[in-house]
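Novice: This is the structure I have questions about; it appears just below.
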Amino acid sequence: MRRAPTPFTASAFSFQGGINVPGQAAAKSGVSGLIRALSNEWAGRGVTVNGIAPGCIATGDTRALPRNHTSMPPN
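Under the working numbering, the first residue of the sequence shown is numbered 13, with each subsequent residue one higher.
Dropping the structure here:
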């Protein structure tokens with residue numbers, strides 16, 4: 013059997029919460045927990061579970077966030 017890394021995408025919101033995005037924070041917190049659980053469970057089988065948690069990126073969907081929010085570029 014081939015052993016390959018298993019990547020997941022979480023979010024910075026999973027560690028710090030978020031303003032106006034409670035659903036995003038809750039969902040990505042679940043992904044972060046899944047990453048930790050699977051990495052513990054699958055380590056004995058040689059499977060590496062990776063997670064990346066990018067910060068906030070300015071898009072139309074993030075317009076409601078305050079400009080001083082972590083990682084948000086100024087106007």
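Beta carbons are placed, not taken as given, at the ideal position from N, Cα and C, and that holds for glycine.
Every value quoted in this text rests on a predicted model; they were computed, and no experiment measured them.
For the alpha helix (DSSP H) holding G42, just list the boundary residues, first then last.
Specialist: Where G42 is concerned, the enclosing alpha helix (DSSP H) stretches over P34 to W54.
Novice: To the nearest whole angstrom, what separates the beta carbons of N32 and A76, a pair I think is in contact under 8 Å?
Specialist: 5 Å between Cβ atoms; contact.
Novice: According to the Cβ coordinates, are A37 and G29 closer than 8 Å?
Specialist: Taking 8 Å as the Cβ cut-off, A37 and G29 qualify as a contacting pair.
Novice: Have a look at the DSSP bridge pairing and note the partners of F20.
Specialist: Its beta-bridge partners are G63.
Novice: What number of angstroms, rounded off, separates the C-alpha of R48 from the C-alpha of G72?
Specialist: Their Cα atoms are separated by approximately 31 Å.
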